[in-house]
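Asks: Please see the structure below; I have some questions.
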Amino acid sequence: MSSNTDFEPKIIAFVCNWCTYAGADLTGTSRLKYATNVKIVRFPCTGRIDFLLLLKSFAQGADGVIVSGCHPNDCHYTSGNFHARRRWIAFRSVLDLMGVDIRRIQYSWVSAAEGSKWADLVNNTVADIRALGPYAEYQKVADYLEKEGYNEEA
Amino acid sequence: MSKIGVFICHCGENISATVDVERVAREIGGMEGVAHAIDYKYMCSDPGQTFIKEAVKKYGLDGVVVGACSPRMHEPTFRRACAEAGLNPYLCEMANLREHCSWVHEKSEETTEKAIDLVKMLVEKVKKNKPLDSIKVPVTKKALVIGGGIAGIQASLDIANTGHKVILVERDPSIGGHMSQLSETFPTLDCSQCILTPRMVEVAQHPNIKLYTYAELESLEGFIGNFKAKIRLKAKSVNYSTCTGCGACIQKCPVKKIPSEFNAGLGTRTAIYVPFPQAVPNKPVIDRVNCNYYKRGACKICEKTCQVGSIEWDKEDEIITEEVGAVVLATGFDVKGTDFFPEYGYGQYKDVLTGLQFERLASASGPTFGEIRRPSDGAVPKKIVFIACAGSRDPAKGIPYCSKICCMYTAKHAMLYQHKVHDGESTVFYMDIRAGGKNYEEFVRRAIEEDTVNYVRGRVARVYEKNGKLIVKGVDTLLGGEQVEIEADMVVLATAGVANCGSEQLAQKLHVSYDPYHFFAEAHPKLKPVETNTAGIYLAGACQAPKDIPETVGMASGAAVKVAALFSNDELVREPVVAVVNRLAPPLYSTCVGCFMCETACPYNAIEHEEIKGRDGSLIRNSARVNQGLCQGCGTCVAFCRSKSIDIQGYTNEQVYAEVMSLLND
Amino acid sequence: MKKLRERAAELLSQGVVSLVLGYEEGTKRPRPLFCRNSVNAEKLIFDSRCIHNLAVYITKKELVGKERFAVTAPISTLRSIMQLFVENQLNEEKLLVLTVDLNGELREFTTFDEIAAYVAQFELKRGEREQELLSKIEGMTREERWKFWMEEMSHCFKCYACRSACPLCYCSKCVVEVNRPQWINPWPAPLANMEWHINRAMHMVGRCTACGACGDACPIGIPIDLITRKMMEDMAPEFGYIPGQPAKQGNALSTWKLDDREQFIR
Amino acid sequence: MKIGFYPGCSLTGSSREYNESVVAVAKALDIELIEINDWNCCGATAAHAMNEELSLSLPARIMAMAEKQGLTEVVVPCAACYNRLKVTQHELEDDTKRSRVIDILKMPYQGSSRIINVLQLLEMYGAENIKAKITRPFAHKVACYYGCLLVRPHSILKFDRVEDPQSMDTMIKMVGGTTLDWAFKTECCGAGFSVSRTDLVAKLSGNILKDAADRGAEALIVACPMCQSNLDMRRGAINKTLETPSDIPVIYITQAIGLALGLSAQELGLKRHFVTVEL
Amino acid sequence: METKYISQSGIEQWFDAIVTSGKRVFAPVNSRGQVDFKPVKKLSEVADEYIQTTQSIKASVYPKAEVLFSYEKVNGKVNLTDFDPESVPETVLWKVHPCDAAGFKPLSAIFNWDTTDKLHNAHLAKTSVISFSCSAADESCFCTSVNGSPGNTAGSDIQLTMLPDGGAIVEILSPKGEALVALSPSVFVADKGEKKEKYLVDLPVRFNLEEVNAKLNKAFNSTVWKEQSERCLGCGACAFVCPTCACFDIQEDAHGSKGRRIRCWDACGFALFTLHTSGHNPREHQSQRWRQRILHKFFYMPERLSVVGCTGCGRCSRACPVDMNILEHITSIAKQ
């Protein structure tokens, strides 16, 4: 992997309100620093996170995605994270079959008490995505209406 | 076109130190649909809120975004302000510029740009927000208190005294908890049982309290105001309605060598037993693990001695269901055993005790009737060493926190020892003396000055036995780091207070969060110390963190007040963040096709079947419907619904989609 | 076949059912037949060439009406019917299922359990075509798979024959027709097509019974049935179900196990 | 039964008797020891305090050589060597450190060989065999002295109980001995100062010997060359610190077992000790 | 209108000359187990043995989705970029069947019915059609029943009729055709007097178009639509492969302050096609949509636009997953 130092990846984090959002709040109250590349979108629960949002994110230019919620057994809603976990198992499998780069989706469990884990997660994911480079393969086809365009560039 | 008002907070300098707040307000002001954008030093202050209220009226805002701290902090504040200005509170959203931006980044262009993005995201969200009405649900005015220690007792009595019903569930055969095991209490040295037992009796006799001892919570379903608790009543094997508590069975029970839990293993009890003489209820249970009959199928001596025929051999565990509106968790704590400490002999030296065991030795109701005697040979120890912070404040042992009560009870122990063994010599090894509290410091000083307890600041490296003595090797860090070696007769470890066993499982049953040490987590460390993250479940006492009796009682009363406040309303107003299945004009009626896969996905059984019928009464389609009382708003069904027929208010598909797109569209 | 025709004629003439959904000879191969009277029952055929999944019609009220009806079903159709039962789309009282077993005997089912017991003896296997294509795809690198599918997807013109032919795509409003928000771009374009097919695969997780109807229907020959089939094969051991044996235990994605895999979660 | 063998420097010098007894006992138990080719210093000198890369590279090379030889299990009798190898293996689980060390070594290193000490070897592969082959029960009351390097840091070595190890005691009991329950099993012998501050060694080792003597030990059993040399070679200096001079011999666990198996004092190197061994 | 002869090697030379002229050349190519029009550079890429391409040349001439205009809002001002006819590349369609070429007439009739369609006309203007008369047909073909024939030259700029010697009769039918010939004039030699008809497949007329028209005039409320459409799945396969189907949808592709309006193919067979916002759908049932499809091609278009909306290519029958055989259905209507 070559590191691409000029490239600032766009990363969106889909997090649950009760664990990871609160965990990221704790990162703040603890004044731990992390990269500015990641922007958090708040959901009530990881169970709420639609796989289509991840697809749309890539199509719209995200280079990476973080999905994070409560640890197993800690879900505020008992089992939303278990449902989410299954959904991601299947989703990763579909994406991998279709040739989508699943390394760009980082799943994690970050509890409300893991402020430092959140900072690490963001920093590591930013570093990983930076190393992978922009997700041009996906983004460039997003606007194409016809096949020729991508064939020529490919 | 929307008319959104945006209010950027400096939070003193908490945000403005790293984020160019003026630029944020300026750029957001140029956004499509933003009618008004300002920045201000403290948006949450009165003048700040007034700005919002005035802007709502002046510009006829149909949405408000406050870029400030975490919505987990001030969302209710700003929503209330909007509501007061006549704007539906659910048209107000917060962008988290402090915890998620200014506090976690250095001052830079990127930080300001991120702040702009975060606000933009919420502006796009708020454009799709819809006015919502709060949901009203009835409140069951009965509380469930789990744990019958002093915390549970206090909470139960306080709630019961407000006129509401209480169910008190205790795992052991008697209520009383750790406090009933204590000899005297600091800093007054009054007898623990003397002040506790009247409370225990009051619980037993209170008309509003239903006491279930030898019982455990099986499961809890539902939500604030409307919980359904399943409680397992473990088989006592004794019929309490006929048992007179005469104790004849206990006298005759042939199994006598079971280590007594109440005496922290220092005494023994029988298989049919009452944990201690002042137990409430003062009736025995049969410990089936140790009972000869249950073990080998023969004995039944107790049955023969029982004059009223109360022994019920075939009694099985019973599960009852109680509907309650609130839950108070008061499950207390536990202490590490001496076997946790390899350096102090892995628990194999009989005369190395925990603080709790020393309490039993010192207690008049204890195995030695209050005389300090060595468990090994019954001799009165002439030299005693107390080791504070045994486990606590020791990250290597996995317990980095301070157990809080040990400094005080160690001083008390040393004092009690000196009072009982006049020619005895006591030494306390300590790290720091933490005696914050009314009369606490004075108490410790008294131990040192009046009772001549030898306080050594340093840690103990090792304790080993030699020639019937316990060799304590430590260091005195105040006297040039000299090594200290004491030949003691008894060593007392102030072992760390830890979460009670099973607390993790219990937390999972109740869906409350817990910290890395398995203590239950309060909703806010400062402002919501008795609430949990789950509405309607409150905390009392040491299940949240180790604490002493006055603090525990105070917290229990606090939790009781929260419950009483909840019960003061007939209806409860809930956030309308719930799922809704769409309903459309004919001929579709709904895009829900009734596959009911959401039913299996819902953790709250909130999905109901609805038959949509035509005017002629014929069935048009089966559709799902969400019971808004049961729905807790997790949204799992929303992400699962293939036809997007369910949506969740407050986090609708349109809202979250707009948020994500705003971050990516340039 | 004779027995089937006789039984169909009998059911129709006695008024037991108002419709027998079956197959008749078509231009090049058998095609679906809506047989509403005993005379037409003479046209009914049932052999190995009958591969249309007639289960696609049985959720359409305007076609099957409110009365009881019968459907002739080879194994793949039976599997779909089972899944439709699981998804609360069928009424046991209104459905009669006819099939011809390996010995040429006519079999009739009315309940999920009867069908399940019969279907249990048939193991779902890859055919030659599936085996060949899937091993080719399985042998590709991630980048090659992306190129392969993007090339295939570039041919898709979104006629939605795949959706129309699938017995389990019975939504009255498909997610691609939902436009607030517009989750999937409605025009045919390589990525918009890819999104549609990824979405379809996700919606089929734990539901697809690998009947192959979608791939068969695709007019431009994209092997889309392999996507859902491969998902079915891969997710079966993951979530503990038997491919082609729908069970009344809730959908794979609406249930969960404590020990579901999570090595990928940091 | 074949197993890799890393003797290290002590076993070829000051502690030859340890080497002799390990080899003799292994032979008696039908365990074939295969010495690692071209082995080098384990770095248990000052190296590991001075230069981290060197401290990891030295043991890593030993293990890389073992991997090259296909040795999946390597017995390391010297406690210091054992400690260095185990700690290195642990440290090199970190990818960055591992790739740095591989860069230095210019050799592949996987960390796949299992590193065991002599006690583990005897426990895993000899226990049954030993019981069957006892010809002369080791009927002595002894104090098993473990020292520091065999059991610490526990989080890495994960061997035995940290403050009160049992494995040597079990072994001695198995060959017919009785062991003391005493307090100095893991106390410091002064090893770190064995050259620079021999006065401290004398004092610390003296404490150990005194407690063993007080409790009536006939011998001290060790599994570390450093402990052995401090307690044995420095006896003169030690005795000057004690009220009652001690003549308790200090023998290796392998020597004790060898005796039980009927091996001769010669074979076990028992004649090489400073304090005469008469057991 | 001029007829010439071209030898086998002449065809090769001419083809190369067209390619070198820089025009895009689309021809039937066999790939992925299907024959379809694709950009080609060499004559050897062109498919030989097949009856019909899966998709009509519509797919090569008109993009499935096409940008009508795009816009960007900068500082409150909207910059609009309209469709540029010049952006359409010069395209030559090689080896088009007469039934495909014949489709341009009905398409133009629809697109220029009341207003002229800039996009359609731009594509048409930039397209030259070299058709090959048909020497083979299958059971789905019925051009002769809809005013066409295997040697129909309507819509073609040049038509080739292949001869057994590998050469061909060349009919130069339009100025665009002449321009193509001019790319390699030497390979075209004088006509050898071969009769074209001799090399055309014999395809009997299957139904009388006027008879059908007359029947359809009274068939709106017939039960035939329901009977025929029962097995129809309501997908759009037939419409998308049809050379004359012209239904389209307009979609917005908006991203924040920029966006574009896209025209993409649609099909009258989709339930959503006529769905009103209110929820009302004038063509609620598949039978109504099937009726629309048949009436539109065989009744409304002849009546309003004086052109039959079907060229008899038979693609819809071949593409249909459930064998909705249009020939069979029309024949049965004619016989009623």
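Chains as they are written, first to last, in this note's numbering: chain A, 65 to 218; chain B, -16 to 649; chain C, 1177 to 1442; chain D, 46 to 324; chain E, 118 to 453.
Glycine is no exception: its CB is placed at the ideal position from the N, C-alpha and C atoms.
Note that the structure is predicted; figures quoted are calculated from it, not measured.
Would you list the residues sitting across from B:Lys366 in a DSSP beta bridge?
Replies: According to DSSP, which records beta bridges pairwise, B:Lys366 is partnered with B:Glu408.
Asks: Identify the continuous beta strand (DSSP E) that holds E:Gln368 and give its terminal residues.
Replies: Residues 365 to 372.
Asks: Looking at C-alpha atoms only, which residue of C:Val1192, C:Ser1256, C:Val1193, C:Gly1191 is the closest neighbour of C:Gly1420?
Replies: Comparing Cα positions, the closest option is C:Ser1256.
Asks: So, with DSSP's three-state summary, where would you put E:Lys414?
Replies: Three-state DSSP puts E:Lys414 in a helix.
Asks: Using only the alpha-carbon positions, how far apart do A:Ala123 and B:Gly160 sit?
Replies: Straight-line Cα distance between these residues: approximately 60 Å.
Asks: Can you list the residues of chain E that B:Asn648 reaches, using a CB-CB cut of under 7 Å?
Replies: Going along chain E in sequence order, the residues near B:Asn648 (Cβ under 7 Å) are His372, Gly373.
Asks: Starting from the C-beta of C:Ile1398, find all residues in its chain whose C-beta is less than 8 Å away, skip the five residues before and the five after it, and write them out in chain order.
Replies: Around C:Ile1398: Glu1328, Met1329, His1331, Cys1332, Gly1391.
Asks: Does the separation of the CB atoms of C:Ile1221 and C:Tyr1199 fall below 7 Å?
Replies: The answer is yes: Cβ separation under 7 Å.
Asks: Along chain A, which residues have their Cβ under 7 Å away from the Cβ of B:Gln491?
Replies: Ordered by position in chain A, the residues that pass the 7 Å Cβ test against B:Gln491 are Asn137.
Asks: Just to check my reading of the structure: C:Leu1364 and C:Val1352 have Cβ atoms closer than 8 Å, yes? What is that Cβ distance to the nearest angstrom?
Replies: Per the sequence shown, residue 1364 of chain C should be read as Pro rather than Leu. 11 Å between Cβ atoms; not a contact.
Asks: At a Cβ threshold of 7 Å, is C:Val1354 touching chain B?
Replies: C:Val1354 counts as touching chain B.
Asks: Excluding the 5 residues preceding and the 5 following B:Lys239 in the sequence, name in chain order all residues of the same chain whose CB lies nearer than 7 Å to its CB.
Replies: For B:Lys239, where only same-chain residues beyond five positions count, the Cβ hits under 7 Å are Thr251, Thr253.
Asks: Hey, is A:Leu96's beta-carbon within less than 7 Å of any beta-carbon in chain E?
Replies: No, no contact with chain E.
Asks: Looking at B:Ile355: is its Cβ nearer than 7 Å to the Cβ of B:Tyr400?
Replies: Result yes, Cβ atoms of B:Ile355 and B:Tyr400 sit closer than 7 Å.
Asks: Going by Cα to Cα distance, which pick from B:Lys380, B:Ile269, B:Cys624, B:Leu555 is closest to B:Lys124?
Replies: Ranking the options by Cα distance to B:Lys124, first place goes to B:Leu555.
Asks: Quick check: what's the CA-CA separation for E:Val246 versus E:Ile275?
Replies: Approximately 7 Å, taken between the alpha carbons.
Asks: Can you round the beta-carbon distance between B:Val149 and B:Ile192 to whole angstroms, since I take them to be within the 8 Å contact cut?
Replies: 5 Å between Cβ atoms; contact.
Asks: Cβ of A:Leu90 less than 7 Å from any chain C Cβ?
Replies: Judged by the 7 Å Cβ criterion, A:Leu90 is not in contact with chain C.
Asks: Can you give the beta carbon distance from B:Asp29 to B:Glu5, rounded, assuming they're within the 8 Å contact cut?
Replies: Incorrect: roughly 22 Å between the Cβ atoms, too far for contact.
Asks: From the beta carbon of B:Gln632, is the nearest beta carbon of chain D less than 7 Å away?
Replies: Chain D, which has no Cβ nearer than 7 Å to the Cβ of B:Gln632, makes this no.
Asks: Give the list of continuous alpha helix (DSSP H) stretches no shorter than 4 residues that lie fully inside the region 133 to 214 of chain D.
Replies: Qualifying alpha helix (DSSP H) stretches, in chain order: 140 to 150, 163 to 166, 172 to 178, 199 to 202.
Asks: On the criterion of 16 or more Cβ atoms from any shown chain inside 10 Å, does E:Lys159 qualify as buried, or is it exposed?
Replies: With fewer than 16 Cβ atoms within 10 Å of its Cβ, E:Lys159 is classed as exposed.
Asks: Could one say the Cβ of C:Asn1427 lies closer than 7 Å to chain B's Cβ atoms, at least one of them?
Replies: Cβ-Cβ to chain B under 7 Å: yes for C:Asn1427.
Asks: Hey, out of D:Trp227, D:Lys131, D:Ile217, whose CA is closest to D:Arg181's CA?
Replies: Of D:Trp227, D:Lys131, D:Ile217, the residue nearest in Cα terms is D:Ile217.
Asks: Rounding to the nearest angstrom, what Cα-Cα distance links E:Gly294 and C:Ala1246 in this structure?
Replies: Roughly 59 Å between the two C-alpha positions.
Asks: Could you pull out every unbroken alpha helix (DSSP H) segment of at least 4 residues lying fully inside the region 379 to 425 of chain B, listed in chain order?
Replies: Within the region 379 to 425 of chain B, the complete alpha helix (DSSP H) runs of at least 4 residues are 389 to 403.
Asks: Per DSSP, what kind of secondary structure is E:Ser245 in: helix, strand or coil?
Replies: In the structure shown, E:Ser245 sits in a strand (DSSP, three-state: E or B).
Asks: DSSP puts C:Glu1200 in a beta bridge; with which residues?
Replies: C:Glu1200 pairs with C:Arg1207.
Asks: In terms of alpha-carbon separation, which member of B:Cys614, B:Ile302, B:Lys235, B:Gly146 lies closest to B:Cys285?
Replies: Minimum Cα distance to B:Cys285 is reached at B:Lys235.
Asks: In angstroms, rounded to a whole number, what distance separates the CA positions of E:Thr137 and E:Pro156?
Replies: Straight-line Cα distance between these residues: approximately 13 Å.
Asks: So the candidates are B:Gly600, B:Ser573, B:Gly228, B:Asn71; which of them puts its Cα closest to the Cα of B:Pro267?
Replies: Residue B:Gly228 is the option with its Cα nearest to B:Pro267.
Asks: Ignore the nearest five residues each way along the sequence and tell me which others in B:Asp45's own chain have a CB closer than 8 Å to its CB.
Replies: Hits under 8 Å: Ser(-15), Lys(-14), Ile(-13), Leu70, Leu74.
Asks: For chain D, find out if any of its Cβ atoms is closer than 7 Å to the Cβ of B:Asp377; answer yes or no.
Replies: Judged by the 7 Å Cβ criterion, B:Asp377 is not in contact with chain D.
Asks: Sort E:Leu422, E:Ser303, E:Ser257 by Cα distance to E:Thr171 and report the nearest one.
Replies: Per the Cα distances, E:Ser257.
Asks: So, is the C-beta of B:Leu571 closer than 7 Å to a C-beta in chain E?
Replies: Closer than 7 Å to some Cβ of chain E, the Cβ of B:Leu571 qualifies, so yes.
Asks: Would you list, in chain order, the members of the region 1389 to 1405 of chain C that have their beta-carbon closer than 7 Å to a beta-carbon of chain E?
Replies: Going along the region 1389 to 1405 of chain C in chain order, one finds Asp1392, Ala1393, Pro1395, Ile1396, Gly1397 with a Cβ nearer than 7 Å to chain E.
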